[in-house]
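Per mature numbering (1 follows the signal peptide of the UniProt record, and there is no 0), the sequence shown runs over residues -16 to -1, 1 to 179. All residues carry an ideal CB built from backbone N, CA and C; glycine is no exception. If you're wondering where the values come from, they're calculated on a predicted model, not measured in any experiment.
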Amino acid sequence: MKSTLGLIIITSIALLQNNNNEDPLVGDLMKVIVEINKLELKTNKGQTLLHLCLNYDTNVDNIFTTGICCFPNFLAMKLLVHCGANVDAVDNDKNTALHYIGKFITDFPHIPHDSDYLDTRKMVMELLNAGAHTDFVNKLGVCPHTGYLSKLFHLTNNMPRSLKCLSASVLKYRCPKKYYRNQLPKTLVQFTNLH
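Put into structure tokens, the structure is as follows:
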């Protein structure tokens, strides 16, 4: 899977350098990445390609990618999102892509997070524009909506949560699970558990 991510990074760099969007090869490359996203590949930790390209612990270096692949990787993230990656996919610890960016910001506060080389704000905006939920809570109780998104970037201060997210939170924290677990469709129970 890391080899696939390495190829996606190389592809994202090549697409950036190729300004000819009408080139049929560009369309073919995008179609391949759409198909890769449809496979919903995951590691044994439940990480998707999107998680891996935002995880600073990811290592795909080999003879072909040494010096090219660094993480988090904005170009690869943008390409994956543009080609249909699930921005709300959760790993085994219930972390979304926004959680991975938050962990990077927390673990490396001394790095400027708005440089041309590493603009985490731009990454966050790309995910938010793709519809990423800001209020999913991971197993550690961390929620990007009330964490770094509001404190560091001031992005969610004026952004109200959606009615469905507010409803899911009320249901999760105000009603015993036994009252709704068997009354709601499975997908709705899963959505409620993410809040």
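Could you give the residue range of the alpha helix (DSSP H) that holds residue i?
i      : result
Ser153 : 147 to 158
Met109 : 104 to 113
His83  : 81 to 91
Leu172 : 170 to 177
Val133 : First, the amino acid is wrong: residue 133 is Leu here, not Val. That run of the alpha helix (DSSP H) goes 132 to 135.
Lys162 : 161 to 164
Do residue j and residue i count as a contact pair if the criterion is CB distance below 7 angstroms?
i           : j      : result
Ala152      : Leu111 : no
Ile89       : Met107 : no
Lys78       : Asn122 : yes
Lys(-15)    : Val74  : no
Cys67       : Asn113 : no
Asn76       : Lys29  : yes
Thr118      : Leu133 : yes
residue 186 : Cys53  : Because the chain here runs from -16 to 179, residue 186 falls outside it and cannot be looked at.
Leu178      : Phe120 : yes
Return the Cβ separation of residue i and residue j in integer angstroms, given the expectation that the two are a contact with Cβ distance under 8 angstroms.
i       : j     : result
Phe(-2) : Leu34 : Contrary to the premise, residue -2 reads as Leu rather than Phe in this sequence. Not confirmed; about 17 angstroms, so no contact.
Thr(-6) : Leu13 : 6 angstroms
Leu23   : Thr32 : Not a contact, Cβ separation roughly 10 angstroms.
Got a sec: is the Cβ-Cβ distance from residue i to anything in chain B below 7 angstroms?
i      : result
Leu133 : Here chain B cannot be found, since the structure has a single protein chain.
Pair every Cβ in the segment 152 to 166 with every Cβ in the segment 56 to 76, then say whether three or more of these pairs are closer than 8 angstroms.
-> Touching, no, given that fewer than three Cβ pairs across the two stretches are closer than 8 angstroms.
Uninterrupted alpha helix (DSSP H) stretches inside the segment 2 to 57 (no shorter than 4 residues) | Considered as a whole, the segment 2 to 57 harbours 8 to 22, 33 to 38 as its complete alpha helix (DSSP H) runs of no fewer than 4 residues, in chain order.
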